[in-house]
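Numbering (the working numbering), first residue to last: 8 to 374. Please read the structure below before turning to the comments.
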């Protein structure tokens, strides 16, 4: 609990730094704010667990979806053997992991099970305090609608996750569909941004927001581009596109690699051609970094600390991307890949927070 309180304070302090220090008063819904910040932390952990599950090739280890009955792992040797036998029926085992022992299977089972178990824990952390706050009449009517949307989005995300897993449970595919993987990932990030925005409204109801015209429109454009970039990050991971040109600043000796287009047309190339996917991901990174530098210069009304946070995060993200790309053939690169995903998530959150404090102030709806 001490660690959780410390993390909650850290996020609150970070958000406070994104606006003028003198512009807010103490939030009237302190307990609800703490609850929502706990949800943000847990969702961030869940997204990173999803990354680890993907990078370790663990996502297909559990071939059934049992939201309630699947909470416990196999409890005896017979149950483990039955679970392992189900995994042995799919193409991933037959063509990639046919040499797996039961101990090897348990190792990949752990990450997928933890990813699902954490989702169940998140549901409890949402539902139980929600019911308590309703009974204590601490939740206003204006809060009910966004909280129900959060609950529905969370449930939808679980369904999307299972649809993604199903795409790899067959006799032909060695992994899940990279398109479904990207949908699962970007929906999780959308849920995170929605939760963050709502938490900011609750935690800083009296914050004076600065409408900045052109810099604000630029910031909105950067956020949109970053969402596309994060989609391409998922496509990179799902297709292992880094392995096809693990060099920088060139792509296998050229800036315009051969094979950017495919017979299926532009859309097919952008979604399925590994060279096009990596080319797009690289150049979106350069464009976003340049636009953030422009925003850093033009958004003078935003506190210098918040602008530096965003700038340092984008530079760190580009550097991590380069390191991950150039070492993509090594197993240890998984640590940099997870860190790359984490910093990308933090960059998105910092931009969403900056955007929140840049919008016109609305009436306090949640009092």
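Beta carbons are placed, not taken as given, at the ideal position from N, Cα and C, and that holds for glycine. None of these values were measured; they are calculated from a predicted model.
Suppose the cutoff is 7 Å on Cβ atoms and the five residues either side in sequence are ignored; what does the same chain contact list for residue i look like?
i	result
residue 229	295, 298, 299, 302 and 358
residue 314	303 and 306
residue 251	281, 282 and 285
residue 262	none
Closest by CA to residue i, which one among the options?
i	options	result
residue 98	77, 68 and 120	68
residue 308	268, 365 and 249	365
residue 80	104, 105, 115 and 54	115
residue 74	152, 153 and 168	168
residue 71	288, 247, 170 and 240	170
residue 46	261, 205 and 60	205
residue 84	143, 58 and 109	109
residue 312	278, 292 and 360	360
residue 323	190, 338, 293 and 310	293
residue 232	155, 184, 88 and 288	288
residue 172	64, 318 and 153	64
residue 37	140, 184, 262 and 227	140
residue 226	203, 175 and 318	318
residue 154	137, 255, 143 and 274	137
residue 325	256, 310, 104 and 117	256
residue 117	144, 78 and 152	78
residue 234	166, 190 and 89	190
Taking CB distances under 8 Å as the criterion, tell me whether residue i reaches chain C.
i	result
residue 175	Chain labels in this structure do not include chain C; a single protein chain is all it has.
Throw me the rounded Cβ distance for the residue i and residue j pair, which I believe falls under 8 Å.
i	j	result
residue 66	residue 124	Not really, about 15 Å apart at Cβ, beyond 8 Å.
residue 336	residue 264	Not quite, the Cβ-Cβ distance comes to about 18 Å (not below 8 Å), so this is no contact.
residue 121	residue 56	6 Å
residue 146	residue 39	7 Å
residue 91	residue 207	Actually they are not in contact, since the Cβ atoms of residue 91 and residue 207 sit about 46 Å apart, beyond 8 Å.
residue 193	residue 278	Residue 193 to residue 278, Cβ: 13 Å. No contact.
residue 188	residue 241	5 Å
residue 54	residue 149	Incorrect: roughly 28 Å between the Cβ atoms, too far for contact.
What's the call for residue i, buried or exposed, on a 16-neighbour Cβ count within 10 Å?
i	result
residue 82	exposed
residue 102	exposed
residue 106	exposed
residue 290	exposed
residue 112	buried
residue 244	buried
residue 272	exposed
residue 247	exposed
residue 342	exposed
residue 61	buried
residue 270	exposed
residue 197	exposed
residue 134	exposed
residue 236	buried
residue 340	buried
residue 238	buried
residue 58	buried
residue 338	exposed
residue 209	buried
residue 142	exposed
residue 152	exposed
residue 202	buried
Give every residue of the same chain whose Cβ lies closer than 8 Å to the Cβ of residue i, excluding the five residues on either side of it in the sequence, and list them in chain order.
i	result
residue 52	125
residue 49	125, 128, 129 and 132
residue 320	350, 353, 354 and 357
residue 267	276, 280, 282, 283 and 286
residue 184	171, 174, 175 and 245
residue 379	Only positions 8 to 374 of the chain appear in the structure, and residue 379 is not among them; the question remains open.
residue 93	70 and 71
Return the chain-ordered list of same chain residues with a C-beta closer than 6 Å to the C-beta of residue i, the five sequence neighbours on each side being excluded.
i	result
residue 199	50
residue 316	357
residue 29	Here the model assigns residue 29 a pLDDT of 40, short of 50, so the residue's position is not dependable and the matter cannot be decided.
residue 76	none
residue 104	none
residue 223	365
Three CB pairs or more closer than 8 Å across the segment 346–363 and the segment 324–335: yes
Given 8 Å, three or more beta-carbon pairs between the segment 153–167 and the segment 129–138: yes
Inter-stretch contact at 8 Å, needing at least 3 Cβ pairs: the segment 179–191 / the segment 89–103: yes
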